[in-house]
Amino acid sequence: MPELPEIEVLRRSLEPLLVGERIAGVRVRNPALREPVDRRRLGRALRGRQIEALRRRAKYLLIDLEGGRTLVVHLGMSGRLTLEPAAAPAARHEHVAFRLGNRRRLAFRDPRRFGLVLALPTRRLAADPHFAHLGIEPLGPELTGDRLRRLAHGRRGPVKGFLMDGRLVVGVGNIYACEALHRAAIHPRRSVARIAAARWRRLAAAVRATLEQAIAEGGTTLNDFADGEGRSGYFQVSLRVYGREGEPCRRCGRPIRRLVMAGRSTFYCPGCQR
DNA sequence: CGTAGACCCTGCGCGC
DNA sequence: TGCGCGCAGGGTCTAC
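Sequential numbering from 2 applies to the first sequence in our numbering.
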């Protein structure tokens, strides 16, 4: 499921279905996620409380409850969060389930268990270690070419790693880093020390446009979600380079290449990315 | 300090 | 058909 657009699409689709509902109970089948789930704390923080709002910070989904509590969910690499009929049997890897009052349950499924489920006091979210170090939101007004240029000051590494560093800019994962760099015509290996102001502006615009387009296209899977199928939206997104090794660049026709950076597949066009 | 690599874990598709 | 390998959208920690 997860890069920022997928979480944002999930947030928008769940919001009308969850706001006003009450969490009747929490069931933890397997607490061994990225951090161990504390059954008692989670149950005590959530049980009986009504859901007031759904927010997002970086790739974290924030479910605000009455009484100043927030349910924090991170999907890791393989997490899904879906609404199921209460009577439906639990799917494989459904590690946590939130029983709702409307004969449904909110099911957290995550085969690889890189995800996260915890409850925090709403007012202490920003200071919590999970959030305190996070960088700027790429869809907000903070993301400008000038801001990126200043963030890069004193750094030398490749621009792809810079984009994916959540302490600087949040929400840009491996797929959309590749996509945004192609849109901006910048080579993923280019050092941030060798990017001038105009190129930074191009990159900021490309990141924003890439994420916004993915959200718009992901929105078409909303109905899937409401049906409880929880299908990924990736197959709908028109990717320019990711997963297209050997196929022609849609801009210049040269074959897309794949290389490995920091252990992650990186796709780019050798013809038009400099 | 900034950066690269290992690691956490399961499932899937591929070549043999 | 079965097996081993490489790969997968995230984040954190350690070692240089």
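Quick reminder that beta carbons are idealized off the backbone N, C-alpha and C, glycines included.
Close Cβ partners of Pro86 (< 7 angstroms) along its chain, the five nearest in sequence each way excluded: By 1-based counting over the first sequence, the position of residue 86 is 85. Arg104, Arg105.
Helix or strand or just coil, what does DSSP make of Gln51? Working through the first sequence from its first residue, we reach residue 51 at position 50. In this structure, DSSP gives Gln51 an extended state, which the three-state scheme calls strand.
Gln51: buried (16+ other C-beta within 10 angstroms of its C-beta) or exposed? On the first sequence, residue 51 is found 50 positions in, with the first residue counted as 1. So Gln51 ends up on the exposed side.
According to DSSP, simplified to helix, strand and coil, what is Ala217? The count along the first sequence starts at 1 and reaches residue 217 at position 216. Ala217 falls in the helix class under three-state DSSP.
Assign Glu143 to buried or exposed, taking buried as 16 or more other Cβ atoms, counted over all protein chains shown, within 10 Å of its Cβ. Counting from one through the first sequence, the residue named residue 143 turns up at place 142. Label assigned to Glu143: exposed.
When the Cα atoms are used, what is the spatial distance from Ile176 to Ala197? Here residue 176 corresponds to residue number 175 of the first sequence, with the count starting at 1. Here residue 197 corresponds to residue number 196 of the first sequence, with the count starting at 1. The alpha-carbon atoms of Ile176 and Ala197 are separated by roughly 24 angstroms.
Do you know offhand how far Ile187's Cα is from Gln274's? Here residue 187 refers to the residue found at position 186 when the first sequence is read from its first residue. Here residue 274 refers to the residue found at position 273 when the first sequence is read from its first residue. So the alpha carbons of these two residues sit roughly 5 angstroms apart.
Could you have a look at Pro112 and say whether DSSP puts it in helix, strand or coil? Sequence index remark: in the first sequence, residue 112 carries index 111 (1-based). DSSP places Pro112 outside both helix and strand once states are collapsed to three, so it counts as coil.
Taking 8 angstroms as the cut-off, does the segment 40-49 touch the segment 22-32 (at least 3 CB pairs, one atom from each stretch)? Using a C-beta cut-off of 8 angstroms, the segment 22-32 makes contact with the segment 40-49, since at least three inter-stretch Cβ pairs fall below that distance.
Under the rule that 16 or more other beta-carbon atoms within 10 Å means buried, what is Ser14, buried or exposed? Your numbering for residue 14 matches position 13 in the first sequence. In this structure Ser14 is buried. Its beta-carbon is surrounded by 16 or more other beta-carbon atoms within 10 angstroms.
Can you find the residues in the same chain that come closer than 6 angstroms, C-beta to C-beta, to Ala276, ignoring five residues on each side of it along the sequence? Coverage of the chain is limited to positions 2 through 275, which leaves residue 276 absent and any answer about it impossible.
For Phe226, which three-state DSSP category applies? Sequence index remark: in the first sequence, residue 226 carries index 225 (1-based). Low confidence applies to Phe226: its pLDDT is 46, below 50, so where it sits in the model is not reliable enough to give any reading.
Output yes or no for whether 8 angstroms exceeds the beta carbon distance between Leu66 and Val74. As a first step, residue 66 is located in the first sequence; it is residue number 65 there, counting from the start. As a first step, residue 74 is located in the first sequence; it is residue number 73 there, counting from the start. It is not a contact, given that the beta carbons lie outside the stated cut-off.
Quick one: measure Cβ to Cβ for Arg57 and Phe115, integer angstroms, because I've assumed they're closer than 8 angstroms. As a position in the first sequence, residue 57 is number 56, starting the count at 1. As a position in the first sequence, residue 115 is number 114, starting the count at 1. About 18 angstroms separates the Cβ atoms of Arg57 and Phe115, ruling out a contact at the 8 angstroms cut-off.
What is the residue span of the alpha helix (DSSP H) that Asp147 lies within? On the first sequence, residue 147 is found 146 positions in, with the first residue counted as 1. Counting along the chain, the alpha helix (DSSP H) containing Asp147 begins and ends at 146-153.
Have a look at the DSSP bridge pairing and note the partners of Glu95. Locating residue 95 in the first sequence gives position 94, counting from the first residue. DSSP links Glu95 through a beta bridge to Arg110.
Does DSSP put Ile137 in a helix, in a strand, or in coil? Stepping through the first sequence from its first residue, residue 137 is reached at position 136. Under the three-state reduction of DSSP output, Ile137 falls in the strand class.
Mind reading off the beta-carbon distance from Leu152 to Leu169? Whole number of angstroms is fine, and I expect it under 8 angstroms. On the first sequence, residue 152 is found 151 positions in, with the first residue counted as 1. On the first sequence, residue 169 is found 168 positions in, with the first residue counted as 1. So it is a contact: roughly 5 angstroms between Cβ atoms.
Tell me the DSSP secondary structure of Leu5 in three-state form. Your numbering for residue 5 matches position 4 in the first sequence. In the three-state reduction of the DSSP assignment, Leu5 falls in the helix class, which pools H, G and I.
If I follow the unbroken alpha helix (DSSP H) through Gly26, where does it start and stop? Within the first sequence, numbered from 1, the residue matching residue 26 stands at position 25. Taken as a continuous stretch (DSSP letters only), Gly26 belongs to no alpha helix (DSSP H), being part of the beta strand (DSSP E) at 24-29.
Between Thr211 and Val242, what straight-line distance do the alpha-carbon atoms span, to the nearest angstrom? Numbered from its first residue, the first sequence carries residue 211 at position 210. Numbered from its first residue, the first sequence carries residue 242 at position 241. Straight-line Cα distance between these residues: approximately 12 angstroms.
As assigned by DSSP and simplified to three states, the class of Leu66: Along the first sequence, one-based indexing puts residue 66 at 65. Correct three-state label for Leu66: strand.
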